[in-house]
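Scroll down for the structure; my scribbles are underneath it.
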Amino acid sequence: MAAQKINEGLEHLAKAEKYLKTGFLKWKPDYDSAASEYGKAAVAFKNAKQFDQAKDACLREACAHENNRALFHAAKAYEQAGMMLKEMQRLPEAVQLIEKASMMYLENGTPDTAAMALERAGKLIENVDPEKAVQLYQQTANVFENEERLRQAVELLGKASRLLVRGRRFDEAAHSIQKEKNIYKEIENYPTCYKKTIAQVLVHLHRNDYVAAERCVRESYSIPGFNGSEDCAALEQLLEGYDQQDQDQVSEVCNSPLFKYMDNDYAKLGLSLVVPGGGVKKKSPATPQAQPDGTAATEEEDDEYSGGLC
């Protein structure tokens, strides 16, 4: 079966080459017919699991479409070539081709298709190169935002934010979450704004920036319904515990359902939050007891035999 499909692919390649040849009576190559044959060859090679040959056929198809000024079809062929590279686990190369396809989709005036291609590339590379995936998700969000498709844009920003948190790139994460929050506020999804405020505060505290965390909560009072919400009360309790170096209070808040059932990356931030100073509350010193001679007993005297006679 595989050998049959390979021979079928080779036949389509030979036909494509004939369409590209010129002669005395044929001055211009037939790019459209050649592209069609290259596409058929790619399918045959793919069915035979000859992904390298399928990728080459897709690239030739893309080139033929470009010469024919059919940008959309050229972009599709580049994207297919990228997917063949994905099958070969050559993910960085696959992403490069899919990015090239997305640029062509934009040039062709089909931004939705461009955004979907970029998102697909981000998913491919996420586990291999999270930094590249963040960049791709942010690019996708920008495309959607330019098209005023804010719900899709904010969903992609959310993916970027979570990857930044996972990589402990907290400065960038704080900025990304703020962008999310602004969009949710614009589309009047206020309850999600509250959740993003919790995420922001956790990120700021992991940056050891209590001032930024406090400012974040204070600024959120302008969001309708935030003041008086359980989110607001929990954050005030969290900041109080953090400021007072009360690890028990901080842990209690971060272990509450409100925090534990957030996105996994933010829930982990809460569970791993440690207050400065080791989380030990400062205690007032005990009043020293007076000795019969009127002098105060020193700590050293009290502890003289604390370790035993030896």
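Going by this note's numbering, the final residue of the sequence shown carries number 333, and the count climbs one at a time with no gaps.
C-beta atoms are modelled at their ideal positions from N, C-alpha and C, and glycine is treated no differently.
Next item on the list: Spatial neighbours of Glu142 within its chain, please: CB distance less than 6 Å, with the 5 preceding and 5 following residues excluded, ordered by chain position.
Entry: Thr163
Margin query: For Arg191 and Tyr217, I'd like the C-alpha separation in whole angstroms.
Written below: 22 Å
Next item on the list: Please state if the CB of Ala117 and the CB of Leu147 are separated by a distance shorter than 9 Å.
Entry: yes
Next item on the list: Evaluate the contact criterion for the stretch 52-66 versus the stretch 36-44: three or more CB pairs, one atom per stretch, below 8 Å.
Entry: yes
Next item on the list: Determine the DSSP secondary structure at Pro308, reduced to helix, strand or coil.
Entry: In this predicted model, Pro308 has a pLDDT of only 43, less than 50, meaning its place in the structure is not dependable enough to derive any value.
Checklist line | Chain-order list of residues whose beta-carbon lies under 8 Å from that of Val226 (same chain, five-residue window excluded) | finding: Val188, Phe193, Ala196, Ala197, Ile200, Leu292
Check: Between the beta-carbon of Phe74 and the beta-carbon of Glu110, is there less than 9 Å?
Finding: yes
Check: Nearest-angstrom Cα distance between Lys44 and Leu82?
Finding: 18 Å
Note to self: Between which residues of its own chain and Tyr265 is the CB-CB distance below 7 Å, once the five residues before and five after are set aside?
What the structure shows: Leu228, Tyr233, Val273, Val298
Check: How would you label Ser245, buried or exposed, when you count the other beta carbons within 10 angstroms and need 16 or more for buried?
Finding: exposed
Next item on the list: Throw me the rounded Cβ distance for the Asp254 and Arg185 pair, which I believe falls under 8 Å.
Entry: Their Cβ separation, rounded to whole angstroms, is 19 Å, which puts Asp254 and Arg185 out of contact at 8 Å.
Next item on the list: Go ahead and label Phe282 buried or exposed: buried means 16 or more other beta carbons lie within 10 angstroms of its beta carbon, across all protein chains shown.
Entry: buried
Checklist line | First and last residue of the uninterrupted alpha helix (DSSP H) at Gln175 | finding: 173-189
Check: Where does Tyr265 fall in DSSP's three states?
Finding: helix
Checklist line | Among Cys86, His35, Glu203, Glu209, nearest to Ala97 - alpha-carbon criterion | finding: Cys86
Notebook entry, point to check: Which residue from Asp269, Tyr54, Val224, Arg230 puts its Cα closest to that of Glu242?
Noted result: Val224
Next item on the list: Report the rounded CA-to-CA distance for Tyr289 versus Ser56, giving the unit in angstroms.
Entry: 53 Å
Check: Thinking C-alpha only, which one of Leu114, Ala104, Asn278, Ala138 is nearest Glu170?
Finding: Ala138
Note to self: Alpha carbons only, please: which of Ala71, Glu102, Asn250, Glu211 is nearest the one belonging to Arg174?
What the structure shows: Glu211
Next item on the list: Reducing DSSP to helix, strand and coil, say where Leu296 ends up.
Entry: coil
Next item on the list: Would you mind stating whether Thr215 and Leu258 have Cβ atoms separated by less than 9 Å?
Entry: no
Check: Which runs of the beta strand (DSSP E) fall wholly inside the stretch 192-233 and span at least 3 residues, in chain order?
Finding: none
Notebook entry, point to check: Taking DSSP as the reference, what is the three-state secondary structure of Gln73?
Noted result: coil
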